[in-house]
Amino acid sequence: MLTVATGNKAVAAAVKQACPSVVAAYPITPQTEIVEQIAEYVTSGELKSQYIPVESEHSAMAACIGASVTGVRTFTATSSHGLHYMHEMVNWAAGARLPIVMANVNRALGPGWNIWAEHTDAFQERDTGWLQVYVASVQEAYDATLMAFRIAEHESVLLPVMVNLDGFLLSHSMQPLETVEIGDFIPPIRLPHAIDTAHPMGYGTLTGPDQYFKLRWDIERSMRDSAGVIRQTEDEFAKRFGRRYDAVEKYQCDDAEVVVVAMGTLGKEAEVAVDLLRNEGVPAGSMRIRWLRPFPRLDLSGRDVVVIDRDYSFGFGGVIARSLAATERAKPFSVIAGLGGQEVTYDDIAGFVRSRRPGEEYWFGVMPDV
Amino acid sequence: MYEVRIHSRGGQGGVTAARLLALAAIRDGKYATACPFYGAERRGAPVVSYVRIDDRPIRVYSQIRHPDLVLVLDPSVMDVVDVLSGMKPGGRVLMNAGEPREMKGFPTFAVDLTGIALRENLVVAGSPILNTPVLGALAKMGIITMESAKMAIEEMFSDRRNVAAAETAYRELVA
Numbered sequence: 000m001l002t003v004a005t006g007n008k009a010v011a012a013a014v015k016q017a018c019p020s021v022v023a024a025y026p027i028t029p030q031t032e033i034v035e036q037i038a039e040y041v042t043s044g045e046l047k048s049q050y051i052p053v054e055s056e057h058s059a060m061a062a063c064i065g066a067s068v069t070g071v072r073t074f075t076a077t078s079s080h081g082l083h084y085m086h087e088m089v090n091w092a093a094g095a096r097l098p099i100v101m102a103n104v105n106r107a108l109g110p111g112w113n114i115w116a117e118h119t120d121a122f123q124e125r126d127t128g129w130l131q132v133y134v135a136s137v138q139e140a141y142d143a144t145l146m147a148f149r150i151a152e153h154e155s156v157l158l159p160v161m162v163n164l165d166g167f168l169l170s171h172s173m174q175p176l177e178t179v180e181i182g183d184f185i186p187p188i189r190l191p192h193a194i195d196t197a198h199p200m201g202y203g204t205l206t207g208p209d210q211y212f213k214l215r216w217d218i219e220r221s222m223r224d225s226a227g228v229i230r231q232t233e234d235e236f237a238k239r240f241g242r243r244y245d246a247v248e249k250y251q252c253d254d255a256e257v258v259v260v261a262m263g264t265l266g267k268e269a270e271v272a273v274d275l276l277r278n279e280g281v282p283a284g285s286m287r288i289r290w291l292r293p294f295p296r297l298d299l300s301g302r303d304v305v306v307i308d309r310d311y312s313f314g315f316g317g318v319i320a321r322s323l324a325a326t327e328r329a330k331p332f333s334v335i336a337g338l339g340g341q342e343v344t345y346d347d348i349a350g351f352v353r354s355r356r357p358g359e360e361y362w363f364g365v366m367p368d369v
Numbered sequence: 000m001y002e003v004r005i006h007s008r009g010g011q012g013g014v015t016a017a018r019l020l021a022l023a024a025i026r027d028g029k030y031a032t033a034c035p036f037y038g039a040e041r042r043g044a045p046v047v048s049y050v051r052i053d054d055r056p057i058r059v060y061s062q063i064r065h066p067d068l069v070l071v072l073d074p075s076v077m078d079v080v081d082v083l084s085g086m087k088p089g090g091r092v093l094m095n096a097g098e099p100r101e102m103k104g105f106p107t108f109a110v111d112l113t114g115i116a117l118r119e120n121l122v123v124a125g126s127p128i129l130n131t132p133v134l135g136a137l138a139k140m141g142i143i144t145m146e147s148a149k150m151a152i153e154e155m156f157s158d159r160r161n162v163a164a165a166e167t168a169y170r171e172l173v174a
C-alpha cells in the first residue's frame, strides 16, 4: 500500500508488522516519534506488544535483554546520548547473543549541545558486536527495519542489529512509503539458549579467560557469517517485494575514475553530485556504505577516492576514510563534513571531488576552501 | 525538480503545510519530500520548511537554496528574513495577503488565508489554520491538482471545513 511517512513513522510501521513481544524505550529527540507511534499502536491494540516505558535508556536495553533471553522478539529505539547511556547494556546484548533490534536516530553528542545529524554516536558502538545498517530514505528505513529482525534472529547470526537513520534529515522528512504484506518473511523467533525453567542453566556467570576468549571468537565467527545472511535476506526481500539492497549501494561506478564514499543521506546527495560532475565530463561515481558492521569490501582499485565522514575519531581521523585505508589500501581524500548537522549540499560534494587531494584530510567549513 | 520554500512562524503550521503539499503531490503520482528545518524554534520565531516534487525519487536532503516557489504564510517575517533569497529566475511568490505586492519583479500571488480561516471558524488555540486553505491556492497555481489537494487534506484532517477553506482559497487567489 502506498502511504506517506516520516523516517520515524516508517520505522514504527515496520516494527508493528514485525510484532515484537516486548518494546522497552525511552524518548529522546529526534527519535521520540518512533516510540510515541509504537505506544499508540499498543494502546489502540494494533500491536500486541508489552510496552515498557522505562526511566532511562540503560533500563530500556536492560529490559530488552531480560525479555530477549526468554526467547521473545524485542525492539527499542534511541539516539545519541541515549545510546551512550545504555552503552554497558549494548555490549551485554551482543555478548549474550540476543537478537534485539534497535533503531538509532543519528545525532551529534554534546557538548556543545546539538540535536542534529552525525554518525559518531553509532560509530562509537561499532566494536560492541552489533550489526549496523545505515539507511538513506523513508522507504529504506522501513525495509531495513523489517530485514533487521530476520537477520538478527537467523541461527547463524544471533546478534543484535542497529538500524541507523539521520536525525531530522530522515527522521523528520516525509516521503512516499510502500508498505508490504510481510507474510512469513520474518520466521518465528527461536533462541537456542532461551531460559527454560524445565532445564535450568547459568546465565552471565563468571567466565575464565579461556572460555571468554572462545565466546569472543564465536561473536566474530557469527559476524563473518552474517554477511552471507544479510545478502540472502536482501535477495529474498528483492524477490518478494521488488526492492533491491546491497551492503554497498553503487552509483555510476563501472567506468568511474573517482568515487565518492559516503553514508546515510549524504550518500544519496552524493549521487546528485555525480550527475553534476558527469555533465562536466568528470567520470565520477559514488558508493553508499549501508552496512558498517560487518564492514563490506569496496572495489576501489585504481580509482581516486573521496570519503565523506560524518563522524570523527579524535587523534586518528575520519572512521570510514581510515577504515578504507586499512581494508582497501585506499589513499582517500578524507573530507570531514556534516558534523552536528552541518549543511552539506551536492554542490559542496562536487567541489570536494573537483579539488581532491589524495591522502589529505580536509575539514569542511573549518579549513580554507579546497 | 520543483522546489518550494515555506516561510512562517513557529506554531503557524508551516511544517504541516509542507507535509500536506508533499502528500498531495504524491497523490498526483509524483515523488515528493517534505523536509522541515528544525532549529531551536519557539513559538513565533521565523521558521522555514521545504518541499521537493519530482517525477523521480528525490535524493537531495540539503536545504533549498534556489526555490521555484516561495510561500509566505506570515508576511511579517519579511521584516527579518529575505524570503526572496536565491530565488530561481522565473520563480513565483505566494503570500497570505489580501493583495499581491511588488516582490522585485517575481510574479506574486495572494490569498487571504487568515481571513478564510476566520470565516470558516478554523481556529485552533486562538490561531487561524492556514495550512489547509493554502493547498487550494497551490492547486490554482498548478503545482498540485485540486483533487489531490482535497485527498491530502481529508487524509490528515477529518474536519470537512478544511476542504471548504481550500476551495475558497482556490476561488479567491489573486495574481
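The listed protein sequences derive, respectively, from chains A and B. At position 168 of the first sequence (counting the first as 1) the number is 167 in numbering that gives the first Met the number 0, and the numbers step up by one without a gap. At position 103 of the second sequence (counting the first as 1) the number is 102 in numbering that gives the first Met the number 0, and the numbers step up by one without a gap. Virtual Cβ for every residue (Gly too), placed ideally from N, Cα, C.
Between A/Tyr-141 and chain B, is any beta-carbon pair separated by less than 9 angstroms?
Your numbering for residue 141 of chain A matches position 142 in the first sequence. For A/Tyr-141, the answer is no, since every Cβ of chain B falls outside 9 angstroms of its Cβ.
Under the rule that 16 or more other beta-carbon atoms within 10 Å means buried, what is A/Ile-37, buried or exposed?
Translated into positions along the first sequence, residue 37 of chain A becomes position 38. Buried, because 16 or more other Cβ atoms sit within 10 Å of the Cβ of A/Ile-37.
Does any residue of chain B bring its CB to less than 9 angstroms from the CB of A/Asp-165?
Stepping through the first sequence from its first residue, residue 165 of chain A is reached at position 166. So, interface residue.
Collapsed DSSP secondary structure at A/Thr-119 in the structure displayed
Here residue 119 of chain A corresponds to residue number 120 of the first sequence, with the count starting at 1. Of the three classes helix, strand and coil, the one that applies to A/Thr-119 here is helix, per DSSP.
For a cutoff of 9 angstroms on Cβ pairs, would you count A/Tyr-345 as touching chain B?
Here the question's residue 345 of chain A lines up with position 346 in the first sequence. By the rule that beta-carbons nearer than 9 angstroms mark a contact, A/Tyr-345 touches chain B.
A/Met-0 in three-state terms, based on DSSP
Counted from its first residue, the first sequence places residue 0 of chain A at position 1. If DSSP states are grouped into helix, strand and coil, A/Met-0 belongs with coil.
Give the residues of chain A in contact with B/Gln-62, contact being defined as C-beta atoms less than 9 angstroms apart.
Counting from 1 along the second sequence, the entry for residue 62 of chain B is found at position 63. Glu-342, Thr-344, listed in chain order.
Excluding sequence positions up to five away, which residues of its chain have a Cβ less than 6 angstroms from the Cβ of A/Met-222?
The count along the first sequence starts at 1 and reaches residue 222 of chain A at position 223. Hits under 6 angstroms: Pro-293.
Going by DSSP, name the residue or residues bridged to A/Tyr-361.
As a position in the first sequence, residue 361 of chain A is number 362, starting the count at 1. A/Val-334, per the DSSP bridge assignment.
Checking the sheet assignment: what are the DSSP bridge partners for B/Pro-45?
Counting from 1 along the second sequence, the entry for residue 45 of chain B is found at position 46. Paired residues: B/Arg-8.
Can you pull out the residues from the region 255-288 of chain A whose beta carbon lies closer than 7 angstroms to at least one beta carbon of chain B?
Listed by position along the chain: Thr-264, Lys-267, Glu-268, Glu-270, Val-271.
Since B/Arg-126 sits in a beta bridge, which residues does DSSP pair it with?
Here the question's residue 126 of chain B lines up with position 127 in the second sequence. The sequence shown places Ser at residue 126 of chain B, rather than the Arg named in the question. Its beta-bridge partners are B/Val-123.
Pairwise C-alpha distance: A/His-118 and A/Val-352
Position 353 of the first sequence, counting from 1, holds the residue named residue 352 of chain A. Position 119 of the first sequence, counting from 1, holds the residue named residue 118 of chain A. Those two C-alpha atoms are separated by around 22 angstroms.
Nearest neighbour of A/Ile-27, chosen from A/Ala-272, A/Ser-322, A/Gly-350, A/Asn-103 [CA to CA]
Along the first sequence, one-based indexing puts residue 27 of chain A at 28. Measuring from the Cα of A/Ile-27, the nearest candidate turns out to be A/Asn-103.
Residues in its own chain within less than 8 angstroms of B/Thr-219 by CB, not counting five upstream and five downstream?
Coverage of chain B is limited to positions 0 through 174, which leaves residue 219 of chain B absent and any answer about it impossible.
Check the DSSP bridge columns for A/Cys-18 and list the partner residues they point to.
Position 19 of the first sequence, counting from 1, holds the residue named residue 18 of chain A. Per the DSSP secondary-structure output, A/Cys-18 pairs with nothing in a beta bridge.
Determine the chain B residues that contact A/His-171 at a beta-carbon separation under 8 angstroms, and present them in chain order.
Working through the first sequence from its first residue, we reach residue 171 of chain A at position 172. Simply Cys-34, Pro-35, Tyr-37.
Please list, in chain order, the chain A residues whose beta carbon lies closer than 7 angstroms to that of B/Leu-22.
Start at 1 with the first residue of the second sequence, and residue 22 of chain B comes out as number 23. Ordered by position in chain A, the residues that pass the 7 angstroms Cβ test against B/Leu-22 are Val-3.
Quick check: what's the CA-CA separation for A/Thr-326 versus A/Tyr-141?
Stepping through the first sequence from its first residue, residue 326 of chain A is reached at position 327. Stepping through the first sequence from its first residue, residue 141 of chain A is reached at position 142. Going by the C-alpha atoms only, they are around 30 angstroms apart.
The alpha helix (DSSP H) with A/Asp-303 in it runs from where to where?
Numbered from its first residue, the first sequence carries residue 303 of chain A at position 304. From DSSP, A/Asp-303 is part of no alpha helix (DSSP H) but of the beta strand (DSSP E) over 303-308.
Listed by chain order, chain D residues near B/Ile-25 by CB distance under 7 angstroms
The chain inventory of the structure shown lacks chain D, comprising the protein chains A and B.
A/Arg-277 versus A/Lys-267 - alpha carbon distance
Here residue 277 of chain A corresponds to residue number 278 of the first sequence, with the count starting at 1. Here residue 267 of chain A corresponds to residue number 268 of the first sequence, with the count starting at 1. Answer to the nearest angstrom: the Cα atoms are 16 angstroms apart.
Beta-carbon proximity check, A/Val-258 vs A/Val-305, cutoff 9 angstroms
Numbered from 1 along the first sequence, position 259 holds the residue referred to as residue 258 of chain A. Numbered from 1 along the first sequence, position 306 holds the residue referred to as residue 305 of chain A. Result yes, Cβ atoms of A/Val-258 and A/Val-305 sit closer than 9 angstroms.
Pick from B/Gly-135, B/Asp-67, B/Tyr-30, B/Asp-27: whose alpha carbon is nearest that of B/Ile-5?
In the second sequence, counting from the first residue as 1, residue 5 of chain B sits at position 6. Looking at the Cα atoms, B/Asp-67 is the closest of the given residues.
Whether A/Leu-338 touches A/Asp-310 by CB criterion (9 angstroms)
Position 339 of the first sequence, counted from the first residue, corresponds to residue 338 of chain A. Position 311 of the first sequence, counted from the first residue, corresponds to residue 310 of chain A. Closer than 9 angstroms, so yes.
Strictly below 7 angstroms CB to CB, what residues from chain A border B/Arg-58?
For the purposes of this step, residue 58 of chain B is taken as residue 59 along the second sequence, with counting starting at 1. The contacting residues are Lys-267, Glu-268, Glu-270, Val-271.
Only counting runs of 3 or more residues, tell me where the beta strand (DSSP E) segments fall wholly within the region 82-141 of chain B, in order along the chain.
Fully enclosed beta strand (DSSP E) runs of 3 or longer: 91-95, 107-110.
When you compare each of B/Leu-172, B/Val-3, B/Gly-9, B/Arg-18 to B/Pro-99 by their alpha carbons, which one comes out closest?
Here residue 99 of chain B refers to the residue found at position 100 when the second sequence is read from its first residue. Of B/Leu-172, B/Val-3, B/Gly-9, B/Arg-18, the residue nearest in Cα terms is B/Leu-172.
Would you kindly report the start and end of the unbroken alpha helix (DSSP H) that includes A/Trp-91?
For the purposes of this step, residue 91 of chain A is identified with residue 92 of the first sequence, where counting begins at 1. It spans 86-94 - the alpha helix (DSSP H) in which A/Trp-91 sits, taken as one unbroken run.
Could you spell out where the beta strand (DSSP E) holding A/Lys-213 opens and where it closes?
In the first sequence, the residue the question calls residue 213 of chain A occupies position 214. Note, A/Lys-213: premise wrong, no beta strand (DSSP E); alpha helix (DSSP H) at 208-240.
DSSP bridge partner residues for A/Ala-102 (one or two, in chain order):
As a working note, residue 102 of chain A is residue 103 in the first sequence. Partner(s): A/Ala-76, A/Val-162.
Could you compute how far the alpha carbon of A/Val-21 sits from the alpha carbon of A/Met-60?
Walking along the first sequence from the start, residue 21 of chain A turns up at place 22. Walking along the first sequence from the start, residue 60 of chain A turns up at place 61. One C-alpha to the other measures close to 11 angstroms.
Of all the options A/His-171, A/Thr-204, A/Gly-111, A/Ile-229, which has the alpha carbon lying nearest to the alpha carbon of A/Leu-157?
What you label residue 157 of chain A is simply residue 158 of the first sequence in a count that begins at 1. A/Ile-229 is the residue among A/His-171, A/Thr-204, A/Gly-111, A/Ile-229 whose C-alpha sits nearest the C-alpha of A/Leu-157.
Identify every residue that forms a DSSP beta bridge with A/Ala-24.
Here residue 24 of chain A refers to the residue found at position 25 when the first sequence is read from its first residue. A/Ala-24 pairs with A/Pro-52.
Name the chain B residues that come within less than 9 angstroms of A/Gly-168, Cβ to Cβ?
The residue labelled residue 168 of chain A in the question sits at position 169 within the first sequence. In the sequence as presented, Gly is not what sits at residue 168 of chain A; that position holds Leu. The contacting residues are Cys-34, Tyr-60, Ser-61.
Taking all protein chains shown into account, do 16 or more other C-beta atoms lie within 10 angstroms of the C-beta of B/Gly-135, making it buried, or fewer, making it exposed?
Start at 1 with the first residue of the second sequence, and residue 135 of chain B comes out as number 136. Buried, since its Cβ has 16 or more Cβ neighbours within 10 Å.
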